[in-house]
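Engineer: The structure follows.
Protein chains: 2
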Amino acid sequence: MTGSSSMHPLDQATALENLDGSSLRGQFPYAYANMVGPYGGVIAATLLNAVLTHPERQGEPVAMTVNFAAPMAEAAYAVVPKVSRTNRSTQHWTLELCQDEAVVATATVFLAVRRDSWTGADTAMPEVPSPSHIEPLDTRGYMAWVQNYQMRMVQGGFDPSGQTGEQDNALTRMWVRDHPPRPLDFLSLMAISDSFFPRVFIRRQQRMPAGTVSMTTYFHADSEMLRRQGDRDILAEARGGRYYRNYYDQDAELWSSDGDLLATTHQIAYFKG
Amino acid sequence: MTGSSSMHPLDQATALENLDGSSLRGQFPYAYANMVGPYGGVIAATLLNAVLTHPERQGEPVAMTVNFAAPMAEAAYAVVPKVSRTNRSTQHWTLELCQDEAVVATATVFLAVRRDSWTGADTAMPEVPSPSHIEPLDTRGYMAWVQNYQMRMVQGGFDPSGQTGEQDNALTRMWVRDHPPRPLDFLSLMAISDSFFPRVFIRRQQRMPAGTVSMTTYFHADSEMLRRQGDRDILAEARGGRYYRNYYDQDAELWSSDGDLLATTHQIAYFKG
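Okay, here's the thing in structure tokens:
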């Protein structure tokens, strides 16, 4: 499964080769390189891909948690997906990503065959200017992974000049989509869950060592909702919680351009400073 | 490890017997029985207990995710904790809870040896009346597990009379602690993460089949903060996200009586109706 130049970078990065029926092999995704190892969102999407392409898969993703245990080395890696339990309409998976027999990441994925039910939402999409009114972030000089996204900052961006002081909170709102454009699917939605800059950078307006340790995404979108979204911009809002003794948490929502909540996503991250 | 009447119900419920060095045995916690199987919070606390009492444990819990794959039968169960990765100051665990070789729950736990860092919070504890100004919920007639908590509803309770109509949102604020009182530790904090009534009951003010599928808690409290809290009331706030095709999500915060954020907790739950 060699990446061809006609494939989208996300499809190249998340591609897995079936080794022996029980484990899969992936390649270090250089196009999504981050400060140390690859962008966590693309690791998460790759693990999700191992489930979604598995012959035993039943249903669509509803919840996924990924734990980043160590930086991925610039080498091939193995993914071992395991069905923990299959019920009538739900399925639980556990996954490991390893290099040289050592665990680099673990994940759990919950799938369900959804049925119709009462529908509601407790919050509405924030009112913000449409994407066409906001210049995209100039990603030259950013880490490789950022260049695979188009981000239009509504508020709460990072000022690399160092001229902006500490903020009261780390609220960010941005329009985001894959770059080049790619119709939304569960893989790209999972990857975009991790596309916010570290909350501690936004709150303090300074860079420091920081990285996601554990990330959980709840999918409210089903295939039909993803199809309707297509390759349009997603409104992404993230907030910080508490920053205490090397760890802080982030809550975020991803809204469709029609105002439907596609996913909510949470993470805890390490920081030093 | 037979439960003695002098032990707190939570300590009895979360007790595990070491079988063979690699797996542990627990007993169905009748004192925390729920509609189907036991209260999820006590299953989560029991899995956390398997890590915290393990000889290889390093550090204090920072993040935990539990996936409820099937109802626990009224019988003994086995817990298998596995160290996925130990780093210099962090450790990742993966756990399975099984009955008759079938998986009932899976979990991941992330531990860290925390060090001092910059500290901040993006939000403050909501201003609410003190616990002494609010009558505790009369738990007679509720499921067994509820009777192990003292809950004082500030807003967003459930009206069992059926006389309250659908609400605009499912915001709940309550003071909660173990009953009888028990000094706060990571086990009780993990259990209290799940102590909110289902958001869909609060939003619609009606009962229907509902249950947590996956729950993630981020601990901001360290041992010292837990010690300061002692057995005082915790201010717990929960909100609903989206309710769509059988699943909805909940975000919540647990605040110390001194106004420190002890934990943030998220879950996705099934509902039918």
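Read top to bottom, the protein sequences are chains A and B. The numbering of the first sequence is our numbering, which starts it at 805 and goes up by one. The numbering of the second sequence is our numbering, which starts it at 805 and goes up by one. Ideal placement from N, C-alpha and C gives every residue a C-beta, glycine not left out. For clarity, every value in this text was computed on a predicted model and none was experimentally measured.
Whose C-alpha, out of B:Ala880, B:Met1019 and B:Gly844, is nearest the C-alpha of aspartate 1055 of chain B?
Structural biologist: With distances taken between Cα atoms, aspartate 1055 of chain B lies closest to B:Met1019.
Engineer: Indicate whether isoleucine 996 of chain A and valine 980 of chain A have their beta-carbon atoms separated by less than 7 Å.
Structural biologist: Yes; because the gap between Cβ atoms is below 7 Å, this pair is in contact.
Engineer: Just to confirm, are isoleucine 1072 of chain A and tyrosine 1051 of chain A a CB contact at a threshold of 7 Å?
Structural biologist: Against a cut-off of 7 Å, the Cβ pair of tyrosine 1051 of chain A and isoleucine 1072 of chain A comes out as a contact.
Engineer: Between threonine 1068 of chain B and chain A, is the shortest Cβ-Cβ distance under 7 Å, so that the two count as touching?
Structural biologist: Threonine 1068 of chain B counts as touching chain A.
Engineer: If you compare alpha carbons, which of A:Pro987, A:Pro930 and A:Met957 is closest to histidine 937 of chain A?
Structural biologist: Among A:Pro987, A:Pro930 and A:Met957, the Cα nearest to that of histidine 937 of chain A is on A:Met957.
Engineer: Identify, in the order they occur along the chain, each residue of the same chain with its Cβ nearer than 8 Å to the Cβ of glutamate 970 of chain A, setting aside the five sequence neighbours on each side.
Structural biologist: Result list for glutamate 970 of chain A: Arg1007, Arg1008 and Gln1009, in chain order.
Engineer: Please report whether the beta-carbon of aspartate 1053 of chain A lies at a distance below 7 Å from any beta-carbon of chain B.
Structural biologist: At least one chain B Cβ lies under 7 Å of aspartate 1053 of chain A.
Engineer: Which residues, taken in chain order from the stretch 977-1010 of chain A, show a beta carbon closer than 9 Å to some beta carbon of chain B?
Structural biologist: Cβ contacts with chain B come from Arg1003, Val1004, Arg1007 and Arg1008.
Engineer: Shorter than 7 Å from the beta carbon of leucine 1065 of chain A to some beta carbon of chain B?
Structural biologist: Yes - at least one Cβ of chain B is within 7 Å of the one on leucine 1065 of chain A.
Engineer: Cα separation between isoleucine 847 of chain B and valine 840 of chain B?
Structural biologist: If you take the alpha carbons of isoleucine 847 of chain B and valine 840 of chain B, they lie about 13 Å apart.
Engineer: Have a look at threonine 898 of chain A and arginine 1011 of chain B and give me their C-alpha separation to the nearest angstrom.
Structural biologist: In a straight line, the C-alpha of threonine 898 of chain A is about 32 Å away from that of arginine 1011 of chain B.
Engineer: If we count the other Cβ atoms within 10 Å of its Cβ and call it buried at 16 or more, is leucine 823 of chain A buried or exposed?
Structural biologist: So leucine 823 of chain A ends up on the exposed side.
Engineer: Are the beta-carbon atoms belonging to alanine 874 of chain A and leucine 991 of chain A less than 7 Å from one another?
Structural biologist: In this structure, leucine 991 of chain A does not lie closer than 7 Å to alanine 874 of chain A by Cβ.
Engineer: In the DSSP assignment, the alpha helix (DSSP H) including valine 846 of chain A goes from what residue to what residue?
Structural biologist: Start and end: 844-856.
Engineer: Within the 7 Å Cβ cut-off, does valine 913 of chain B reach chain A?
Structural biologist: No, because no Cβ of chain A sits closer than 7 Å to the Cβ of valine 913 of chain B.
Engineer: Just by C-beta distance, which residues in the stretch 1013-1028 of chain A are closer than 7 Å to chain B?
Structural biologist: Within the stretch 1013-1028 of chain A, the residues whose Cβ lies closer than 7 Å to some Cβ of chain B are Val1017, Ser1018, Thr1020, Tyr1022, His1024 and Asp1026, listed in chain order.
Engineer: For my contact list, proline 935 of chain A and aspartate 1037 of chain A are in at a C-beta cut-off of 8 Å; report their separation, rounded to the angstrom.
Structural biologist: Going by Cβ atoms, the distance from proline 935 of chain A to aspartate 1037 of chain A rounds to 4 Å, so yes, they are a contact pair.
Engineer: Could you tell me whether the Cβ of aspartate 926 of chain A comes closer than 7 Å to any Cβ of chain B?
Structural biologist: Yes, aspartate 926 of chain A counts as interfacial toward chain B.
Engineer: Please give me, in chain order, every unbroken run of the beta strand (DSSP E) with length at least 3 that falls completely inside the stretch 978-1042 of chain B.
Structural biologist: Fully enclosed beta strand (DSSP E) runs of 3 or longer: 1014-1023.
Engineer: Going along the chain, which residues of the stretch 1036-1048 of chain A sit with their C-beta nearer than 7 Å to a C-beta in chain B?
Structural biologist: Under the 7 Å Cβ criterion, the stretch 1036-1048 of chain A contributes Arg1043, Gly1044, Gly1045, Arg1046, Tyr1047 and Tyr1048.
Engineer: Look at the alpha carbon of glycine 1077 of chain B and the alpha carbon of leucine 856 of chain A, and state the distance between them as a whole number of angstroms.
Structural biologist: Rounded to whole angstroms, glycine 1077 of chain B to leucine 856 of chain A spans 28 Å at the Cα level.
Engineer: For the beta strand (DSSP E) that alanine 928 of chain B lies in, which residues bound it at each end?
Structural biologist: Premise fails: alanine 928 of chain B is in no beta strand (DSSP E) and is neither H nor E.
Engineer: Residue range of the beta strand (DSSP E) that glutamine 1071 of chain B falls in?
Structural biologist: Taken as a continuous stretch (DSSP letters only), the beta strand (DSSP E) holding glutamine 1071 of chain B covers 1065-1075.
Engineer: What did DSSP end up calling histidine 812 of chain B once you bin it into helix, strand or coil?
Structural biologist: Three-state DSSP puts histidine 812 of chain B in coil, outside helix and strand.
Engineer: Measuring only between beta-carbons, confirm whether glycine 841 of chain B sits less than 7 Å from chain A.
Structural biologist: So, not an interface residue.
Engineer: Beta-carbon of alanine 873 of chain B versus every beta-carbon of chain A: anything under 7 Å?
Structural biologist: Yes, contact with chain A.
Engineer: If you drop the 5 nearest sequence neighbours on each side, which residues of the same chain put their C-beta closer than 6 Å to that of glutamate 900 of chain A?
Structural biologist: So the list reads Val884, Val907 and Thr910, once near-sequence residues are dropped.
Engineer: Could you pull the start and end residues of the beta strand (DSSP E) that asparagine 871 of chain B belongs to?
Structural biologist: Counting along the chain, the beta strand (DSSP E) containing asparagine 871 of chain B begins and ends at 864-872.
Engineer: Pull out every residue of the stretch 846-874 of chain B whose Cβ sits closer than 7 Å to any Cβ of chain A, in chain order.
Structural biologist: Cβ contacts with chain A come from Val866, Ala867, Thr869, Asn871, Ala873 and Ala874.
Engineer: Go ahead and pull the three-state DSSP assignment for valine 917 of chain B.
Structural biologist: The answer is coil: DSSP assigns valine 917 of chain B none of H, G, I, E or B.
Engineer: In chain order, what residues of the same chain have a beta carbon less than 6 Å from the beta carbon of threonine 943 of chain A, not counting five sequence neighbours either side?
Structural biologist: These residues qualify, in order along the chain: Val950 and Gln951.
Engineer: Closer than 7 Å, Cβ to Cβ, to anything on chain A: give me those residues from the stretch 958-977 of chain B, in chain order.
Structural biologist: Here the close residues are Asn973 and Ala974.
Engineer: How should methionine 805 of chain B be labelled, buried or exposed, when 16 other C-beta atoms within 10 angstroms of its C-beta is the threshold for buried?
Structural biologist: Note that methionine 805 of chain B scores 45 on pLDDT, short of 50, meaning its location in the model is unreliable; the coordinates nonetheless yield the value given after this. So methionine 805 of chain B counts as exposed.
Engineer: Got a sec: is the Cβ-Cβ distance from tryptophan 922 of chain B to anything in chain A below 7 Å?
Structural biologist: For tryptophan 922 of chain B, the answer is yes, since a Cβ of chain A falls inside 7 Å of its Cβ.
Engineer: Any contact of the stretch 914-928 of chain B with the stretch 853-870 of chain B, i.e. 3+ C-beta pairs under 8 Å?
Structural biologist: Yes: at least three Cβ pairs fall under 8 Å.
Engineer: Check whether the Cβ of arginine 1032 of chain B lies closer than 7 Å to any Cβ atom in chain A.
Structural biologist: Closer than 7 Å: no.
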